[in-house]
Each structure stands twice: as C-alpha cells, then as structure tokens.
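Residue numbers (my numbering), protein chains in the order written: chain A, 1 to 493; chain B, 1001 to 1305; chain C, 2001 to 2332; chain D, 3001 to 3337.
Encoded as structure tokens, the structure appears first; notes follow it.
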Amino acid sequence: MSGIGKQFPGVRALDGVDLRLLPGEVHALMGENGAGKSTLIKVLTGVHPADSGTIELAGRTVSFAGPLEAQQAGISTVYQEVNLCANLSVAENIFIGREPRRRGRIDWKRMRARAAELLRRLELDIDVSAPLSSYSLALQQMVAIARAIDVEARVLILDEPTSSLDAGEVRQLFHVMRRLKEEGIAILFVSHFLDQIYEISDRMTILRNGRLVGEYLTRELSQVALVSKMIGQELAELERLHGEARTFDRPLVEARELGRTGAVEPFSLTIHEGEVVGLAGLLGSGRTEIARLLFGADHATGGEVAVGGAPAALRTPRAAMAHRIAFCSENRKRDGLIPDLTVRENIVLALQATRGWTRPVPRDQQDELVGRYIKALKISPPNPDHLVRNLSGGNQQKVLLARWLILEPRLLILDEPTRGIDVGAKAEIQRLVTELSDGGMAVLFISAELEEVLRLSHRVGVLRDRRLVADLPNDDTLTTDTLMETIASGGRA
Amino acid sequence: GGSGGGSGSGGGDGSITMGFAQVGAESGWRTANTKSVQESAKAAGITLKFSDAQQKQENQIKAIRSYIQQKVDVIAFSPVVESGWDTVLKEAKNAKIPVILTDRAVDSKDTSLYKTFLGSDFVEEGRKAGKWLVEQYKDAKDPVNIVELQGTTGSAPANDRKAGFQEIIGADPKFKIIASQTGDFTRAKGKEVMEAFLKANPDIDVLYAHNDDMGLGAIEAIEGAGKVPGKDIKIITVDAVHDGMQALADGKINYIVECSPLLGPQLMDLAKKVVKNESVPARVVTEETTFTQEQAKTALPSRKY
Amino acid sequence: MTTAILDRLGARGRSVPAKYVPVLVTAGLFVAMFVAGGIRYEGFATGQVILNVFIDNAFLLVVAVGMTFVILTGGIDLSVGSVVALSTMISASLMAGPGWPPYLVVPLVLLIGSALGLVMGYIVHAFDIQPFIVTLAGMFLARGLCYTIGTDSIPIEDPTFTAFAQTRIDLFADLWISPSVVIAVVVVLVAAYVLHYTRLGRTVYATGGSEQSALLMGLPVGRTKVAVYTISGFCSALGGVLLSFYMLSGYGLHAVGMELDAIAAVVIGGTLLTGGSGFLLGTVLGVLVLGLIQTVLSFEGTLSSWWTKIFIGLLLFVFILLQRLFSARRRT
Amino acid sequence: MKRLLWPLLVLAALLAVNLFFTPSFFSVEMKEGHLYGSLIDILRFGAPLILVSLGMTLVIATGGIDLSVGSVVAISGALACLRISEDGGVFSAVVLALGLCVLLGLWNGFLVAGVGIQPIIATLILMVAGRGLAQLIADGQIITVNSPSYKVIGGGYLLTVPFGILLVLVVLGVTAFLTRRLALGVLIESVGGNAEASRLAGIRSRGIVITVYAFAALCAGVAGLMISSNVSSADGNNAGLWIELDAILAVVIGGTSLAGGRFSLGGTVLGALIIQTLTTTIYSVGVPPETTLLVKALVVAAVCLVQSPKFRDKVFRRAGPRSSPRPAAEEKVRVTA
Ligand SMILES: Nc1ncnc2c1ncn2[C@@H]1O[C@H](COP(=O)(O)OP(=O)(O)OP(=O)(O)O)[C@@H](O)[C@H]1O
Ligand SMILES: Nc1ncnc2c1ncn2[C@@H]1O[C@H](COP(=O)(O)OP(=O)(O)OP(=O)(O)O)[C@@H](O)[C@H]1O
Ligand SMILES: [Mg+2]
Ligand SMILES: [Mg+2]
C-alpha cells in the first residue's frame, strides 16, 4: 500500500500512509488509539474506498469493492470489534459463506464436526451448535480468529484479536500464527500489548495521527523508543505501581453465598471502602458473571448482598446505582455504548439516568465533566459532539469508562476496562483507579491481563470453572506465576 | 346453545338457518342494512348466522364456504364486487344450498348459481341524479360546471353512480365535469376535497356527491368559503340517510336519490320462499324513490335511519 | 385439556434448543385453539375445517413465505398486497381482453412481480434507503397500476384457468383440497430448504443478525438483500395467481391490507421483526392461526361487525399473551 | 439542519407545481374574520397528521411502532361526540375521550414493555379491536353533533388563525420542550439506540417506553377530536383509516430511522407537510382518482431517492465530466505518474 489517504467528515484519518507486508512475516501495526490502524485495515480490505493511494497485491494493483472481494483475493481479516452474527451458531459463524456442502446442500453434520475440530486446535472445547450469543466476548473473539485462520489465505490481518484474551489463549494464537508464518503467509497484527508485539512480530509500521512515522525491525527498536515514536514524545517512566496487601476495616459490599444457577456457583466476597479487589481467572471462568450479579444486571438465584452493613436488594442496575454501585461492562458494543449518540451524551448518560428525565444535567456541568475526561483520557478527536460510532475502538472504550467515572460511585466494577486501550492511556487509567481508591472508592477490577490485576489490586479473587476458589491478599509472594498456579490447581494447592 | 343451529338439513322443517355474509361496516348505510337484516330475521323466526368480511372478497368467500360446511338452509350475501363468485357458488349449488344476492349483483354467466338478486341499481341511481340535473338546467344556455365527489376508487357504487350520471349528462355538451376526485365516501375527505376544488375552481355550479356523507362534508367547505350551499352551488347526493335528509329539508342539498338499506323484510320473505322451493323472480328491485327539498320535509319525521 | 398439551410440550421442551421453543409453543397453542373450537362448535373439529383453512389461505401462505425472507434480513415489504392485486388484474385483463392463454399469462405475471421486487430490492440496497419507504412507494405504484388498467373488477372466464381453479383434489374420506394448497405447500417446502440448506438462506439469517458483521465477514449482503425482495415479489405474484384461482377475477381492490396480514402471520410465528431469528414453520403456523381465528368467527356466527373486530383483537391478544408466557417460562 | 435541506426542497418543488397550475395558490386572504387560502388549508388539514406523526416519532425513536393510532383517532372522536350528543358537556367529553386514549396508550406500552410483545403485533391488537370499539361506541353510525364550542377544536379560529394549527404548535412546543430541553429525548434515543446498554446505564426504559406509547395515543386522541370536530360528526368506521401509514411515512421522510435511535421532530413536521401538500396538490391539480396512487408513488420515490446521499453521489458522479466511479483508480494515475 502506498500513499493511502482517507478523509472522514471532519477527520483526516489517514494521510499518505505506506505499508509493506511481506510473505512469511508477522508485521505489527502500531499507534495510539485513533492513529488510524483500523482505518488502514478497512481501506486495505475494501470496507472504505481510499481517497488516494494505491494498493498492490503480489505486484498487481488491486482495489476491492468490499470485504468479499478482498477475501476472494486471499486476504482474511479479523476486524477490531467482534464482527460475527450473534444469532447464528458458533459453527456457522466459522463457516458461513464457505459451508461444506454435499450435493448442493449444506452439510450441517460435517460443518459442526469441522468447527469443533478447529476450535480444539485452539484448545477450546465448546458446544458449536449453540448460538454465539451464549458465549462471552473472549470466546467470541476466539471464534472470529478460528474463522479467519481456516480460510486459505495469503494475507491474514488481525486487528486487536487479543484484547480480551488471557495468556493461555494468546499462547495458542501465537502458536497458530507461527505455523502460518512458516507456510509463507503474511500476517498483519495489531495490539496494544507491547510484550505480545515483541514476542511475535518481525517488523512494525508505526502510525501517528493518521501519518506514517516509519517502518522498523522489531528487534532493532526498544520498547521505550517505540512508545515515544507512537505518542510523539517521551513517556514518563511507567510508574511502578503495585497494589499491596493492606487491611481495610470498613466493609462496603458484602456478598454472602450469592450465586446464579448455570452462571456462577454461590460465592462470598467482601469489598471494603478504598480497596481494590482484582478478579483473576481463565476465559469463561465467571468473572463477568460475578460483576453482573453485584450490579443487578442478572438476577441472583440465591444468597444475599449487604451494602454498607444493611441488606440490599440489587435486583436491577437502577437499584444498584441507587446504592452508588457502577459497572463498566466488558462488551462496549453490546452492553455499553449508544453508537448513535454523541460522546457528550454517552458520557453523561448514566448520570442523567440517576437524575431522571425531568432534571437534565445542566449544560455547563456537562461541558465541565466531559471536557475533563476527554482531556484526562485523551479521547480523540477531542470533540464532545462527535458521534461515538465514528470513534476508534480504544476511544470508545474511554468514553464508556468516563461514563462511570463521573458518577463517583462508592463501588466501581470495572470489567476489562483497558480493553483495546493504548499504553499511554492505560497508564493514565491505572493511575486514576489508584487515586480513586485512595480517596475511599472501592473497586472490583477484572482484567485478562494478570499483570495489570496484580499491579492494581490489594486483594485478588481467583475463579475457576465458575467458582470463586481463592481469595488472596496481594503480598510480595503473589506473582503472575503463583497466580497462574492457583488458577490451574483450582485453589487447592 | 353455542353449538349453533346449523343442523337443519335443508328441508322446510320448522326453523330456517340463514348464513348472511355482509361486506363490512364501512358506513352508516351499511350498518343500517345489517340492522335491518338482523331485526327482520328475528321477526321472521329465522336463525341468522352473520359474518363481517371487512370489505374483503376473500373473507366473504371464506364465510360462504364455512356456511356450506355448517350446512345452513340458505345463504345470502352482498357481494363486495361483481366478479369471482363462480367457484364458491358452485360449491353451494353442489351442496344444494340456495343463494340469494342482496344489494349488488354478480356477473356470473350461469344464473342458476343463485336464486334471486335483491337490491338497488347503482347505475339507475346515477341516472336519476343526472335526469334531475338535466331537468333543472333545461333552459340554461351557459355551460354548467359540475364537480363530482366519487366514492372509494374502484368500488361498485362509485363506478356505477359515475357511469349512470355520465350517461345522462353526456348527451348535452353544456354539462361539464370540471373536477372529479374520490372522497372515499367520508365526510372528512369530502370536506377536504371540496376545499381544494373551491380554491382551484372559482366557478362551480353543481356538486354531485356519490353519497350523503361526502355531500355533508362538502357543505361545510362551501360554507367556509363564504358561499351558500344549495343556492350558489347546487348539490345532488345519493343515499338519503337521516343527516342528509335533514340537510335537504334545510335547503342545503337540492336533491337526493334514495338508496335504501332496509332490505331485511324482503330478504326474509324471499328466503322462506326459496327454502320451500317456491319460485321467486330472478330480480327484485328495492322500492326506492328520490327526494326534493319539499318531499324531504314531509318524509323526515318518519325516517328510521 | 389445553394445559395438559402445553405441559407435555413443556416437558419435552427440556431437550429442545431454546430457539425452537416459540415455534413449539405456537404449534401447541394452535392445537389447543382447534380443540377448544371443536368442543364449542358442532362440526368444527373435522378434517375438512383444517383443510379449508389451508384452501382459504393458500395465497396468504405463499405471500407470507416471501415476507419471511424479507423480515429475516431485517427488512419489510409493504408492497405485497398491491402486487397481489396487480397480478390478479394483469392476469384477468390479459385473459379477458386480448385472450392470452394462461400458460403465457401466468409466467408473465410471475416475471412482473419478481421484477418489481428486484427493483425495490436494488433501490434499498444501492441507495441505502429504508425498506419501509421504498416498498411503500412500491405499494402505491402497484395499486396505482391496477387502477390504470381499470377500476372495475374483471371476471376470468378462460376455460383452462377456471377448470384448474375449480379442480378438487380428493383425499381420503370425503376430504379435499384445491391445487392451490399443493402449490403453497411446495412453495413452503422449497423455501424451507433454501433457508436451511443453502448459502443464500444462511446469508439471509446472517444479514438479519447483523448486517455490518455479515458485510465484514465477506458475505454477499447486497446481493442477498436484492434477492429477498425479488423472492418476495415473486411470492406475491404467485400469491396473486393463487388468488385469481380463488376469486376468478382481477380487481384493483383485492388484497387491500394483505401486507399487514402477512407481516402479522410472520411475527405471530415467532420471527423477530428486527431480523435474524425465526422459522418458516412459524410462518405457516402464523397463517393457520389467523385463518383459524376467521373460522372460529364464522362458526360463532352471531357477532355484529364491531364485535367481530373486537373478538379478533381479543383472540389475537390471548394467543400472543399465552405464547409469550409459555416461551418465557420455558427460557428461564 | 442540513439534513432537512432535501425534504425542504421537495416541499418547495411541490408548492411550485401548485403555483404553476393555480396561480393564486400562495394568496392568503381574510374571509369572514379568518385567514383563508390554500396554504392555510394545507396546515389545517395537515394538523391531525402532524399530531399523530409527532407521537409516532417518539415511539419509533424507542425502536417501536404504533399501528393503533388510526383506531385511537376513531375512538376519541366517537366517544367525544357520543358524550356531547348525550348531554352536551364539551369539556367533560374531551377530557373523557383523551383519558380513554391515554389508557389505550398505556395498554400498548404495557404489552410492549411489560409483557415483551413485539410492538407491531402488540399495537396490531388495538388496531383491529380499537376500530371495533369505535364502531361499538358509535353503534356503527355517524354521530352528528351540533356544538359550536366543540366545532372550535378542528374547525374554529382563534385570532384569525385556525385553532387546529395553534393546537399543533402547542403540542409541538411541549414535545420539543420535554425532549430537547428536558432529558427525555436523549433517554428515548438511548433506549432506541441500544436497549440493553440503556438498561445497564440505569435508565428506566420500561417507564419510558410506556410513556411514549401513551403520548402517541394522546396525540392520536387530539387528532381524532380535531378530525371529528372539523366535520361535526364522528365516523367510527373511517376516521383515521390508514393514518398510521401516513404517519410512519412522515416520520421516515423526516429522517428518523425505523430502527430507533436519533429522531427529528422538525423533520417529522416537514414530512407530514409534504404528505399533506401532496394530497392537496393532487386535488387541486385535478389528477384523476385512478392515477392518484401513481403520483403518490412517484413523489415518495423521489423524496427517498433525493434524500439518499448514495443516490446523489451516483447521480452527480455520472453527471460530472468523465470521472471514474472508483476514486482509488483515479488517484492511481496521479501516484504512478
Ligand atoms: N466511519 C468513520 N467516520 C468518521 N470518522 C472515523 C470513522 N472511522 C474512524 N474514524 C476516525 O478515524 C480515526 C482513526 O480511527 P481508527 O479506528 O483507524 O483508529 P485506530 O488506530 O484503530 O485506534 P484504536 O487503537 O483505538 O482502535 C479516528 O480519529 C476516528 O475517529
Ligand atoms: N443474562 C445475560 N445476558 C447477556 N449476556 C450474558 C448474560 N449472562 C452472561 N452473559 C455473558 O456471558 C459471558 C460469560 O461470562 P463469564 O463470567 O463466564 O466470563 P469471564 O469469566 O468474564 O471470562 P471472559 O469474559 O474472559 O470470557 C459474559 O461475558 C456475559 O457477557
Ligand atoms: Mg482500531
Ligand atoms: Mg469477562
């Protein structure tokens, strides 16, 4: 690709960007949130027509009218948000468009068998005939990957495929990527996890504000240099935050034998004021379910909750919010944002909901709050009247986070809050969480990134197979390795 | 007994069950028609099975088919349209159930499919309206500007009343229909269309409305435009429902052609005869008249609908 | 009685995937309704009554099948009723006027219907306009074309056509159906096959689930959208042909409001108007439920015009409510 | 406001057509102490449609649809006229009729939000049964009333302006205030944009949906009073027949998506005016009834095409001097040169 330019109304997303992708290499596409990575990928695969520039594939100039043509030309893509059809079964999502057929009709049996086998290669053993909507976001991401790698392709593009995967899945994915690389497939990879970039990529292209910064060999560029090229300035050394075991004496939320049949086994958990409790566990282990129960997003089928010492009925999100509990959900597309509303409206939405429709949040207060968080989280473009649907993935995540931060709740439940967020902003968010908890806010922190959990939490709850198996103080003995061990052994060790 | 009286085997033994498939309840006229049938059935001791087709022919066919299924003694219905009854009427004939048409005819070539047809003649109504108009303006030299408010586009009364009227006035070139538009048989539409007519055509002499309701709506529009209905603009309508007769008596309408909905008593008589296998005339025209303003004043107190 | 059936259904439902529950519940309620009718009215619980529901609604069934395709993609087609009317009108006028033979007229009508659908589908897809307004324009257009052909109803007297229309296919024991029923059943089977066993069918579901995702997954979304409107146009035209068998006439006011009946049948059958979820069997049941309500009304036989409407509303309400309650209970 | 540019152009074009056929079309005169003219007529006869469309806009914004408005129009008129013909109390009749309408709206809302029935079916129930109810109230007849004060609502004048127009302005003002000044609008849009996300944001979506259906029914009720008052009679059979289609069309022309989310009150008013202008144009230009629908189809098609950016794109591209349809290819020349 050379000289690619793309202009959206009011935003210059790409400006003269070049990209070379060689067979048999893993090429990382790097840049801050909103730098233009996803847009570049969409231009490459024909989702958006380019305003300028040319695309060559194996020496021939091409221009795709849509993803279908790109796919036919051998480019297989996993786009940033999970773009699958939740109403179809897992097997169909993997095979739709190229279903195995027998005598002209779709061979459902073979399709299911092949899907199950494909997923088993990614170490997943799930019911492939169940609708995709019944699985968690991380699993859906894996299904999307499975779909992409099964295609006979010359080019594989992965836009933040690992944003909600945990270490095990990432390892599995990398395993597959290496094998494909050896087969001579060109892989374009986007991720905000620098460790992953350094582990898998051979070369990288860095974008900043829609412009090309340069192309580098991964092993020749240090992490610090990479970050400074991405954000255009030196990043102050990442504070070595580390949560520590402390004792808190004022319990805020106490769950006793709370559970929901089919979702999580009954668990007991106490979160104190000012305490950050992390939840660790593998994909589908029930972290999200716990969060949803505490927020009243799902009905508990047993157990009780006390808030501030008094029993509380958290039957609806509204009820939970009345107790000043906030919940930033992991699936921003499905459970979070209203794509047709503006950044401003999305940020003040929860605040407005608590006030009811008769008392609108005054305009100047809106401006103040929204302006503050646009700046603090570096939401770009920094225009509060931009539609959320037109923001980049990471910036959308920031908007969602801002919605709950302005509520200043007593308990903030964060489910994968840093999903798809770039290094700079991630540090900022972590700093915010620490600050808030120092100010007395309780935080329940869920992240697939164990390191992040350890860095922030005072205490870590470990889940396995939908059961809370351990509740560990975050002292010096707790490391990612010991945490992994606990998860693996189911807390018995 | 909810089990229905459909057990009569088609003979003349005691009580008669009649299946009546009504068009719908689209107008006050139709409602009066329904009431008349229901009341006369009760008076004549006939068990009535009634169904409302909501203006849809397919519903009427379904209803007739279900009457055949229920083995009623006689079927009567007011066809929504003229065509398309052969199949179901043949089924009735095969089941040996006699059929009486009311209100509108069917255009089947095979007249053995029904025993008789009882009802008004819409074309004749249009002619009556036209004749009165020709009579009124027989001395006039100037062209006569007519506007027409048609019934629902495509419906039989609209088609026929238009055709009958046209047939008569078409003979004299001084009669000119300068605007013609559908008013859907309703007052609201009649008023709306007339407002537009009044603005687009400054010089209107006569209004011909296919029913009273549209005429009544138009009267409001004419009054709103500062003209006097019945004087500045002469008004002819069809139906003679109570409100229309009132307006006629008040001098706001000039002439009404009656189209009587009270078919019930005649229908029951025919039904009894048909069931007993007595011969009946193939065509029974309802007794209908026309009203001028003076006639309306005398007739008004005794109008039932 | 009814509860027993539903209980049994519920018991079996435990092993049924959740997506089949609404259809099963609808089927159960349909049976319950039939049984209740049989108890209440003499001569109701006979095979022919059920067959009559099919005979009387064959055209609606065909139209609803086309509508199912459209609704599954998340679209809507308001033009169906008018296209049905236009088809009867064209058939009748061509056979009555120039005296064309049916084997020329029928294919021509089917072609015109499909072409209308194709054009609407193309506009929806190519210009990104809401289907509601495109097909509403189509509805006006087709109805308007009817009136330009003529405002009177035109009888069909072609001997072949009438003979076919009046054919009775005798089954066992005095039961009979019309050829239209056979055609409708074939249409249903073919459509079910297409939806379940072909790529087109699966793309229809995917498009309805999430159009954007389907596009990004490299599915031919545009082609599919054009295809479903074409299918719907074809089905409407075929429905129109069946209606001309039924009525033996062409008329501009035929099938007024049939689009609502078709949409209602599809939605009662458990298909979501937002697209992506539903089954053709549901649509068949939806049509049967509407037909059965009509049958119940004519057996009731004593309702005045307005009570008829209120009664239809009530029956519909009770039916939908039970359907909702039972499916909801099954899901939790 | 740029979004409304194209509908505005269509409206202007329609009016221009009228001017061509009827030169006096734009003249507004005073007649017997009130404004008189075709433009006034369009507003006056369009008033009920505008009202119904306003209610429909909010319903559609929540991702729903209300098919029952036509029946509610009929019920409201029938009940009010029945009361007036019985004892003459106009005020109590109006209150009673509107009260019933709100109840019916609550019923719709309850079915949609409480029971979880799909809106189109939930409101279809009332659409069918409601028409029967209206006929039941009126006993299938047309109830004629002779009350000058009732006549005011739809046929009267206040300060030379038709009362109906003022009523529309008031309702429009109140709606705009509730939705745009207060926070109702953004909550409705968020429920329509993403219902689950709204629930998780703590929005009482059930309450909002029910409110919106009640509001739609209230608007329809007022429209029903207007229609029946205009002709001093209630026609349970025909009043408001098919008005739901026109209302939905108005909303869609106005740029609100049937999928829910963003809505535009101004667009809806414009859409309703386009429809009414079209109707009036058809009457005054003298389009024969048989071709009315063809004209309507053409105009609707034109409106939707001209509103589509993709269509304008294609047309302008094609009209432009030999530029290739794919911009990438065009640029290629520049880059390689
Ligand atoms: N459809 C659109 N309409 C308008 N602007 C858009 C659209 N899509 C993307 N943009 C803008 O283009 C810019 C680049 O977005 P892009 O999604 O490519 O960022 P990204 O590098 O993928 O970021 P992230 O890491 O957050 O995913 C952003 O400023 C975004 O707001
Ligand atoms: N009632 C519900 N409605 C919608 N989605 C639900 C519901 N219950 C659970 N889910 C979804 O099912 C998924 C399963 O959650 P689970 O807690 O098992 O995952 P997890 O431990 O958070 O792991 P990961 O998110 O990494 O897969 C959740 O992501 C949640 O979004
Ligand atoms: Mg991105
Ligand atoms: Mg999770």
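Glycine included, each C-beta is placed from N, C-alpha and C at the ideal position.
> Would you say the beta carbon of residue 2143 of chain C comes nearer than 7 Å to a heavy atom of ligand 4?
Replying inline: For ligand 4, no non-hydrogen atom lies closer than 7 Å to the CB of residue 2143 of chain C.
>> Within 10 Å of its beta-carbon, does residue 489 of chain A have 16 or more other beta-carbons around it, so buried, or fewer, so exposed?
In response: Answer is exposed; the Cβ neighbour count stays below 16.
> Exposed or buried, which one is residue 464 of chain A when buried takes at least 16 other CB atoms within 10 Å?
Replying inline: Label assigned to residue 464 of chain A: buried.
> Which partner residues of residue 1150 of chain B appear in the DSSP bridge assignment?
Replying inline: Beta bridge pairing from DSSP links residue 1150 of chain B with B:1182.
>> I need the boundaries of the alpha helix (DSSP H) containing residue 467 of chain A, first residue and last residue.
In response: Note, residue 467 of chain A: premise wrong, no alpha helix (DSSP H); beta strand (DSSP E) at 467–473.
>> Quick check: the Cα distance between residue 1213 of chain B and residue 3277 of chain D, rounded to an integer number of angstroms?
In response: If you draw a straight line from the Cα of residue 1213 of chain B to the Cα of residue 3277 of chain D, it comes to about 24 Å.
> Which of the three DSSP states, helix, strand or coil, is assigned to residue 1242 of chain B?
Replying inline: Helix at residue 1242 of chain B.
> Which residues does DSSP pair with residue 76 of chain A in a beta bridge?
Replying inline: For residue 76 of chain A, which the question treats as bridged, DSSP gives the partners A:156.
> Is it true that the CB of residue 200 of chain A sits closer than 8 Å to the CB of residue 176 of chain A?
Replying inline: Inclusion of residue 176 of chain A and residue 200 of chain A in the CB contact set at 8 Å is not warranted, their separation being larger than that value.
> What in chain C is Cβ-close to residue 92 of chain A, meaning under 7 Å?
Replying inline: Neighbours of residue 92 of chain A on chain C, chain order: 2202.
>> So, with DSSP's three-state summary, where would you put residue 85 of chain A?
In response: Looking at residue 85 of chain A - three-state DSSP - the assignment turns out to be coil, as it is neither helix nor strand.
> Does at least one heavy atom of ligand 1 sit under 7 Å from the Cβ of residue 8 of chain A?
Replying inline: Correct: residue 8 of chain A has its Cβ closer than 7 Å to ligand 1.
> Counting only beta-carbon atoms, is residue 1187 of chain B nearer than 8 Å to chain D?
Replying inline: So, interface residue.
>> Quick check: does the Cβ of residue 415 of chain A come within less than 7 Å of any heavy atom belonging to ligand 4?
In response: Indeed, a heavy atom of ligand 4 lies less than 7 Å from the Cβ.
> Within the 8 Å Cβ cut-off, does residue 2176 of chain C reach chain B?
Replying inline: No, residue 2176 of chain C does not count as interfacial toward chain B.
> Looking only at DSSP bridge pairs, what is residue 1102 of chain B linked to?
Replying inline: DSSP lists B:1118 as the beta-bridge partner residues of residue 1102 of chain B.
>> Closer than 7 Å to a non-hydrogen atom of ligand 1 - does that hold for the CB of residue 13 of chain A?
In response: With a threshold of 7 Å, the Cβ atom of residue 13 of chain A counts as near ligand 1, since some heavy atom of the ligand is closer than that.
>> Give me the residue from A:466, A:359, A:281, A:253 with the minimum Cα distance to residue 482 of chain A.
In response: With distances taken between CA atoms, residue 482 of chain A lies nearest to A:281 out of A:466, A:359, A:281, A:253.
>> Using a Cβ-Cβ distance cut-off of 8 Å, determine whether residue 2121 of chain C contacts chain A.
In response: Output row for residue 2121 of chain C: interface = no.
> What residues match up with residue 30 of chain A in a beta bridge as DSSP calls it?
Replying inline: According to DSSP, which records beta bridges pairwise, residue 30 of chain A is partnered with A:206.
>> Please classify residue 2039 of chain C as buried or exposed, where buried requires at least 16 neighbouring CB atoms within 10 angstroms.
In response: Residue 2039 of chain C sits exposed, since fewer than 16 C-beta atoms from the chains shown fall within 10 Å of its C-beta.
> Under 7 Å from any heavy atom of ligand 1, does the C-beta of residue 422 of chain A make it?
Replying inline: Yes, the Cβ of residue 422 of chain A comes within 7 Å of a heavy atom of ligand 1.
> Applying a beta-carbon distance threshold of less than 8 Å, which residues of chain C neighbour residue 3091 of chain D?
Replying inline: The contacting residues do not exist; residue 3091 of chain D stays about 28 Å from chain C at best.
> Looking at the C-beta of residue 329 of chain A, does it have a partner C-beta in chain D at a distance below 8 Å?
Replying inline: Residue 329 of chain A belongs to the set of residues whose beta carbon lies under 8 Å from a beta carbon in chain D.
> Residues bridged to residue 215 of chain A by DSSP?
Replying inline: Beta-bridge partners assigned by DSSP to residue 215 of chain A: A:205.
> Quick one: is the Cβ of residue 126 of chain A within less than 7 Å of any heavy atom of ligand 4?
Replying inline: Answer for residue 126 of chain A: no, Cβ out of range of ligand 4.
> If we ignore side chains and look at the alpha-carbon of each, how far apart do residue 2229 of chain C and residue 2169 of chain C end up?
Replying inline: Rounded to whole angstroms, residue 2229 of chain C to residue 2169 of chain C spans 32 Å at the Cα level.
> Within this structure, are the beta carbons of residue 305 of chain A and residue 258 of chain A separated by less than 8 Å?
Replying inline: Remark: C-beta atoms of residue 305 of chain A and residue 258 of chain A approach each other more closely than 8 Å.
>> Which residues of the region 337–354 of chain A have a Cβ closer than 9 Å to any Cβ of chain D? Give them in chain order.
In response: Taking 9 Å as the Cβ-Cβ cut-off against chain D, the residues of the region 337–354 of chain A that qualify are 337, 338, 339, 340, 341, 345, 346, 348, 349, 350, 352, 353, 354.
>> Classify residue 3193 of chain D: buried if its beta carbon has 16 or more other beta carbons within 10 angstroms, exposed otherwise.
In response: Buried: at least 16 other Cβ atoms inside 10 Å.
> Contact check, residue 1143 of chain B vs residue 1174 of chain B under 8 Å by CB: the rounded distance?
Replying inline: Right, their Cβ atoms sit about 5 Å apart.
> Count the other CB atoms within 10 Å of the CB of residue 1281 of chain B; is the residue buried (16 or more) or exposed (fewer)?
Replying inline: In the assembly as shown, residue 1281 of chain B is an exposed residue. Its beta-carbon has fewer than 16 other beta-carbons within 10 Å.
> Does the pairing of the region 118–132 of chain A with the region 79–88 of chain A give three or more beta-carbon distances under 8 Å?
Replying inline: The region 118–132 of chain A vs the region 79–88 of chain A: in contact.
> Residues in the region 3125–3142 of chain D with C-beta within 8 Å of chain B's C-beta atoms, listed in sequence order?
Replying inline: Taking 8 Å as the Cβ-Cβ cut-off against chain B, the residues of the region 3125–3142 of chain D that qualify are 3135, 3139, 3140, 3141, 3142.
>> Short of 6 Å in beta carbon distance, which residues of its chain neighbour residue 174 of chain A, apart from the five on each side in sequence? Order them along the chain.
In response: Result list for residue 174 of chain A: 200, in chain order.
> Rounded to a whole number of angstroms, what is the C-alpha to C-alpha distance between residue 3044 of chain D and residue 2243 of chain C?
Replying inline: So the alpha carbons of these two residues sit roughly 41 Å apart.
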